[in-house]
Amino acid sequence: MGDEGPGSPVHLLCLAASSGVPLFCRSSSGGAPSRQQLPFSVIGSLNGVHMFGQNLDVQLNSARTEDTTVVWKNFHDSITLIVLSSEEGTSELRLERMLHMVFGAMVLIVGLEELTNIRNVERLKKELRASYCLIDSFLGNSELIGDLTQCVDCVIPPEGSAMQETLSGFAEATGTAFVSLLVSGRVVAATEGWWRLGMPEAVLLPWLVGSLPPQAARDYPVYLPHGSPTVPHRLLTLTLLRGLELCLLCGPRPPLGQLDPQLMERWWQPLLEPLRACLPLGPRALPEGFPLHSDILGLLLLHLELRRCLFTMEPSKDKEPSPEQRRRLLRNFYTLVATTHFPPEPGPAEKQEDTVYPAQMPRACYLVLGPGMGWQLVAVQLGLRLLLLLLSPHTPTHGLRSLATRTLQALTPLL
1 MGDEGPGSPV HLLCLAASSG VPLFCRSSSG GAPSRQQLPF SVIGSLNGVH MFGQNLDVQL
61 NSARTEDTTV VWKNFHDSIT LIVLSSEEGT SELRLERMLH MVFGAMVLIV GLEELTNIRN
121 VERLKKELRA SYCLIDSFLG NSELIGDLTQ CVDCVIPPEG SAMQETLSGF AEATGTAFVS
181 LLVSGRVVAA TEGWWRLGMP EAVLLPWLVG SLPPQAARDY PVYLPHGSPT VPHRLLTLTL
241 LRGLELCLLC GPRPPLGQLD PQLMERWWQP LLEPLRACLP LGPRALPEGF PLHSDILGLL
301 LLHLELRRCL FTMEPSKDKE PSPEQRRRLL RNFYTLVATT HFPPEPGPAE KQEDTVYPAQ
361 MPRACYLVLG PGMGWQLVAV QLGLRLLLLL LSPHTPTHGL RSLATRTLQA LTPLL
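Position one of the sequence shown corresponds to residue 1 (UniProt numbering), numbered consecutively onward.
Okay, here's the thing in structure tokens:
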């Protein structure tokens, strides 16, 4: 479970499946967008070998070379996405989920009809440019993790009940059931209607808002990849404080002009101080003063049924690992845990088989990084919650499970 080098490139290719015409190519290096492009001959070869397999009824999903992992994915027999990553320790699970998020982002911006019934390639290329900012965020070193976990990134506000009550009242006053409050792409509070949004739009909408340049207000047309892939909705955003945005998903009404300053002030001025207290909750998902063990460097908590997660890095006197390294280590550990120790729930056929041959499901696992690092990672699952911790080298190995269990019990009332 290595830590990739600073300049490890990732390339994403999007092609029309029938013709092989490239629609776009996006790249990143060291987590930042890059202008580096793959030669057309390489693009043609990667698409050609995939099409060759399809003609022989062979499904080519992934391949590995000495230093690169390649994953192919075809969507609706119309769009082919290919991702190449030279990052050390990159898993196929991460790349597969990235491709699903990328296609979801494309549907979110241009709609499914434009992607499955391509009439004009050049026009589609231009329309897809609006999705580049969102797509590039999947290639970089994001502070979010919903693209990998397929859970909504959340934070826990200090006065959550008051915010929830105000949000519900505001939603009723504006006549829309889908309202949320976001800080840096994470959900602070949301109405029941917003929480009922399907995947992937439940993850994509906050991620989209977090990837856009700051604006006081927006009226943004979006399609819902799961709920409404062919009919657009309106995503209205209003900035309450810098970095803190109110989002409404609605139809033709209300018009943006109806959300005037007087209406906003009436609902949100009484909560000004609690709103300000939410601003630091971007990088740290937990309210200030929440008791966590001093050895905890970072954590990921998932509610597997609600599809929500908390992803936070804790302040530490130690300079190493950096917050970016901690996020990367936890992301890599999650892919290991999800593919090896805590796989997704089995389907009906698998459950039937399990009744005959019951399998033992693990409750916890841990990993010690080395040599010379000593950082420890532990995962524990209790019921519908899964907790992953990154711990300092000072933590005794025999106490990892106990510490993780106590931490999970303390966090359970929050998520």
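Glycine included, C-beta positions come from ideal geometry on N, C-alpha and C.
Here the structure is a predicted model, which means the values were calculated and not measured.
Straight through space, the alpha carbons of residue 138 and residue 147 are spaced by roughly 7 Å. Out of 62, 163, 395, 182, the CA that lies nearest to the CA of residue 91 is found in 62.
Within the segment 167 to 206, the runs of beta strand (DSSP E) that reach at least 3 residues and sit entirely inside it are, in chain order, 178 to 183, 186 to 190. Within the segment 15 to 101, the beta strand (DSSP E) runs of at least 3 residues that lie entirely inside it are, in chain order, 22 to 29, 32 to 34, 62 to 64, 69 to 75, 79 to 85. DSSP, read as helix, strand or coil, puts residue 153 in strand. Just so you know, the alpha carbons of residue 30 and residue 9 end up roughly 7 Å apart. The closest CA to that of residue 387, considering only 373, 395, 364, 368, is found on 364. Secondary structure at residue 313: strand, using DSSP grouped into helix, strand and coil.
Residue 162 is not a Cβ neighbour of residue 77, given a cutoff of 8 Å. Nearest in C-alpha terms to residue 406, of all of 293, 287, 237, is 293. Under the three-state reduction of DSSP, residue 274 is assigned to helix.
Secondary structure of residue 295 (DSSP, three-state): coil.
For residue 135, the closest C-alpha among the options 367, 102, 143, 158 is that of 102. With respect to residue 211, residue 154 sits apart: the two C-beta atoms are not nearer than 8 Å.
In the displayed model, residue 301 falls within a strand according to three-state DSSP.
Beta-bridge partners assigned by DSSP to residue 224: 228. Counting every other CB atom within 10 Å of its CB across the protein chains shown gives residue 361 a total below 16, marking it as exposed.
In this structure, the CA atom of residue 287 is about 6 Å from the CA atom of residue 156.
Residue environment for residue 126: exposed (fewer than 16 other C-beta atoms within 10 angstroms of its C-beta). In chain order, 111, 112, 113, 223 place their CB closer than 8 Å to the CB of residue 230, counting only its own chain and leaving out the 5 sequence neighbours on each side. Annotated three-state conformation of residue 239 is strand, per DSSP. In the structure shown, the three-state DSSP call for residue 401 is helix. Distance from the CA of residue 391 to the CA of residue 336, rounded to the nearest whole angstrom, comes to 17 Å. Taking the C-beta atoms as reference points, residue 185 is found no nearer than 8 Å to residue 32. If you look at residue 376, you'll find it in the beta strand (DSSP E) that goes 376 to 382. The straight-line gap separating the alpha-carbon atoms of residue 194 and residue 181 is approximately 10 Å.
Residue pairing for residue 364: DSSP places it in a beta bridge opposite 380. Between residue 122 and residue 104, the alpha-carbon positions lie close to 21 Å from each other. Closest in alpha carbon position to residue 260, among 307, 251, 236, 369, is 236. The segment 192 to 208 makes no contact with the segment 258 to 277; the number of CB pairs closer than 8 Å stays below 3. The DSSP-derived three-state label of residue 341 is helix. Spanning the alpha carbons of residue 238 and residue 246 requires a straight line of approximately 5 Å.
At least 8 Å separates the beta-carbon of residue 84 from that of residue 106. Within the model, the alpha-carbon separation for residue 412 versus residue 35 is close to 44 Å. Between residue 403 and residue 329, the C-beta spacing is not below 8 Å.
With a 10 Å radius around the Cβ and a threshold of 16 neighbouring Cβ atoms, residue 311 comes out buried.
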